[in-house]
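Following: one structure in structure tokens, then a few remarks.
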């Protein structure tokens with residue numbers, strides 16, 4: 001339903017419209033329903049995604065990457081690419097079986113370069129934005145999918161992430177901030193993709209593991225003494241999977257919690273039991289159920305189905321992975 | 001408390017004419033929003049008002065018009081989609097171009113924050129305004145107000161830390177943390193802030209760690225099942241590469257609580273770490289055994305920790 005016409009209330013997320021596409025497609029994929037989309041329709045969607053790819057302005061790549069929506073014309077100066085939209089665009093294309101041949105790789109990678117700060121962190125848009133672990137993650141995914149790390153100073157990015165590990169053991173969004181389930185996923189996944197996870201000294205890895213495991217109540221919370229939320233089943237589930245600690249998660253308890261946040265009438269998941277479901281929590285509810293259990297295989301770092309990942313491996317990847 | 005410019009504007013604009021019906025705008029040709037219902041892809045069914053505002057926003061941005069009316073238009077555009085980072089950026093360009101007074105902008109961002117305290121764009125905008133004006137004098141109050149409504153709002157804490165770092169306004173921050181912990185000793189954000197302040201000011205000498213452990217011991221005794229206090233106590237020792245055994249006050253506390261059979265998995269976990277440091281594997285193993293039952297959801301993990309003891 002989300003793939004077609006979408007109600008007015010979604011106006012307020014127009015600026016992340018591409019992420020709504022990704023959540024919908026990836027959810028369908030995890031549910032084994034991607035083949036229900038006809039080839040024609042897949043091509044329609046692929047065309048729309050590519051229509052959101054920005055071209056460079058002479059030698060200036062700052063605006064490159066993908067934009068979120070077509071509601072503002074792409075030739076408006078300030079309509080720069082957004083790192084998260086680039087990430088979800090690539091994932092969506094992979095899910096739809098596209099070969100990424102229409103991705104202007106050089107432009108995307110050069111665009112990425114413009115976004116990395118001296119601290120090693122990334123902004124999301126070259127016009128200027130907040131910078132934190134979320135966008136380091138996006139950069140790592142993009143570089144990984146395109147197999148091109150020229151847009152990423154991996155050492156600096158790693159330094160930034162390591163600095164952001166708090167005294168608690170989890171990772172925060174930034175140096176000095178509070179350890180958080182979302183940023184912990186972003187950091188662990190980014191480090192994994194950059195092949196830097198083993199740089200973590202043993203004691204700090206132990207503390208990280210313990211902090212992640214402590215997040216499980218029945219489902220998971222994102223920080224100590226905060227309520228559980230559907231999406232943390234994915235953020236922490238995937239983190240623990242990447243740490244090789246999936247066996248330490250109590251799957252039954254997690255599953256029971258997720259069943260309570262599912263909406264019996266509308267379908268989908270909400271953040272908490274009894275709340276309105278939304279596409280983000282619906283996606284993460286499904287992903288959260290499966291990332292550990294492996295009933296449906298999910299790539300725990302890239303956050304796409306293993307089916308989509310294997311398509312990338314078989315048809316796009318150019319070196320042995 | 002929310003009734004400020006932002007909402008007064010919003011109530012008015014709902015009743016106002018569409019831009020396309022305003023004579024003072026008829027020099028502008030709006031750029032209509034694409035709407036594809038033949039091959040829709042997450043096609044949002046924009047309202048008339050949204051299409052109207054954004055079709056004019058597009059035209060203005062394309063023409064690069066930096067004017068008062070363009071500025072007011074961004075207010076309407078932001079109201080309809082507060083996450084539109086392109087529009088926020090354009091608004092900043094107008095502010096700079098026209099050298100507009102930043103005081104009303106501070107008020108405006110305050111009201112948007114009050115309405116949507118978890119919106120990334122408004123907090124970033126506020127930060128930019130402060131960088132332009134150099135005036136961070138209201139930020140502690142703003143974040144305090146925001147935290148009053150939600151003591152763990154990540155954006156508010158992020159902003160507060162940025163201000164403290166940038167403008168070195170450390171006076172009274174530890175007192176603020178004390179206040180918050182008195183109100184709620186389980187406020188993990190407040191504990192994190194405590195670490196941040198000390199780290200940024202006096203630093204972690206052995207004396208400081210000792211003092212902080214005494215401070216934390218009090219809270220641990222009040223609520224031995226509070227993860228936040230335990231994370232703080234064990235964290236300050238480990239992050240500063242010190243040893244538990246350097247701090248008798250803390251190890252004594254753990255042993256005392258354990259002797260009184262306080263059923264806290266956090267206590268047990270800390271005690272196990274102490275035993276491991278003291279190379280007492282038997283004692284550590286016993287603790288892990290107890291944890292398999294006391295903290296049964298993590299039974300597999302505690303088993304693993306037990307096995308790890310024997311694998312040298």
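Chains as they are written, first to last, in my numbering: chain A, 1 to 321; chain B, 1 to 312.
In this text, a Cβ means the ideal position worked out from N, Cα and C, and glycines have one as well.
Between the options, which lies nearest to residue i when the distance is taken from Cα to Cα?
i	options	result
residue 45 of chain A	A/3, A/210, A/75, A/143	A/3
residue 122 of chain B	B/150, B/90, B/85, B/134	B/85
residue 138 of chain B	B/95, B/107, B/220, B/150	B/107
residue 195 of chain A	A/59, A/56, A/147, A/182	A/147
residue 257 of chain A	A/227, A/245, A/241	A/227
residue 88 of chain A	A/77, A/129, A/101, A/25	A/25
residue 242 of chain B	B/272, B/204, B/271, B/260	B/204
residue 172 of chain B	B/198, B/237, B/26	B/198
residue 153 of chain B	A/281, A/190, A/178, A/96	A/178
residue 214 of chain B	B/162, B/180, B/117, B/250	B/250
residue 120 of chain A	A/151, A/222, A/220	A/151
residue 40 of chain A	A/96, A/203, A/307	A/96
residue 193 of chain B	B/290, B/147, B/130	B/147
residue 80 of chain A	A/57, A/164, A/271, A/43	A/57
residue 294 of chain A	A/117, A/159, A/31	A/31
residue 7 of chain A	A/234, A/278, A/292	A/278
residue 168 of chain A	A/181, A/9, A/160, A/10	A/181
Is the Cβ of residue i closer than 8 Å to any Cβ of chain A?
i	result
residue 227 of chain B	yes
residue 213 of chain B	no
residue 202 of chain B	no
residue 290 of chain B	no
residue 50 of chain B	yes
residue 298 of chain B	yes
residue 205 of chain B	no
residue 34 of chain B	yes
residue 182 of chain B	no
residue 85 of chain B	yes
residue 2 of chain B	For residue 2 of chain B, the predicted model reports a pLDDT of 36, less than 50, meaning its position is unreliable and no value from the coordinates is stated.
residue 272 of chain B	no
How big is the Cα-Cα spacing for residue i and residue j?
i	j	result
residue 22 of chain A	residue 178 of chain B	44 Å
residue 142 of chain B	residue 186 of chain B	23 Å
residue 76 of chain A	residue 5 of chain A	25 Å
residue 2 of chain B	residue 105 of chain B	Here residue 2 of chain B scores only 36 on pLDDT, less than 50, and its place in the model is too uncertain to base an answer on.
residue 115 of chain B	residue 159 of chain B	17 Å
residue 16 of chain A	residue 131 of chain A	17 Å
residue 200 of chain A	residue 239 of chain A	14 Å
residue 33 of chain B	residue 102 of chain A	25 Å
residue 55 of chain A	residue 65 of chain A	8 Å
residue 84 of chain A	residue 149 of chain A	17 Å
residue 306 of chain B	residue 283 of chain B	11 Å
residue 19 of chain A	residue 207 of chain B	50 Å
residue 79 of chain B	residue 12 of chain A	9 Å
residue 300 of chain B	residue 261 of chain A	26 Å
residue 4 of chain B	residue 129 of chain B	With a pLDDT of 44 at residue 4 of chain B, under the threshold of 50, the predicted position of this residue should be treated as unreliable, though the coordinate-derived value follows. About 18 Å.
When you compare the CB of residue i with every CB in chain B, is at least one pair closer than 8 Å?
i	result
residue 256 of chain A	no
residue 270 of chain A	no
residue 180 of chain A	yes
residue 194 of chain A	no
residue 282 of chain A	no
residue 223 of chain A	yes
residue 135 of chain A	no
residue 162 of chain A	no
residue 227 of chain A	no
residue 87 of chain A	no
Quick one: residues in its chain with C-beta nearer than 6 Å to the C-beta of residue i, no 5 flanking neighbours on either side, listed in chain order?
i	result
residue 232 of chain B	191, 216
residue 119 of chain B	82
residue 126 of chain B	109
residue 135 of chain A	83, 122, 124
residue 308 of chain B	none
residue 159 of chain A	120
To which residues of the same chain is residue i closer than 8 Å at the C-beta, ignoring the five residues directly before and after it?
i	result
residue 277 of chain B	243, 244, 245
residue 240 of chain B	204, 209
residue 99 of chain A	315, 316
residue 303 of chain B	288, 292
Can you name, in chain order, every residue of its own chain whose Cβ lies under 7 Å from the Cβ of residue i, other than the five neighbours on each side?
i	result
residue 209 of chain A	243, 245
residue 251 of chain A	292, 293
Is there at least one non-hydrogen atom of the ligand ZN closer than 7 Å to the beta-carbon of residue i?
i	result
residue 247 of chain B	By its list of ligands, the structure shown contains no ligand whatsoever, and the ligand ZN lies outside what it can speak to.
- Do the region 105-121 of chain A and the region 52-72 of chain A meet, that is, are 3 or more Cβ pairs less than 8 Å apart? Short answer: they touch.
- Message: Quick check: the region 34-51 of chain B against the region 35-55 of chain A, are at least 3 beta-carbon pairs closer than 8 Å?
- Response: The region 35-55 of chain A is in contact with the region 34-51 of chain B.
- Query: Does the region 262-279 of chain B come within contact of the region 216-228 of chain B, defined as at least 3 CB pairs closer than 8 Å?
  - Reply: In the pairwise beta carbon analysis, the region 262-279 of chain B is classified as touching the region 216-228 of chain B: at least three pairs are separated by under 8 Å.
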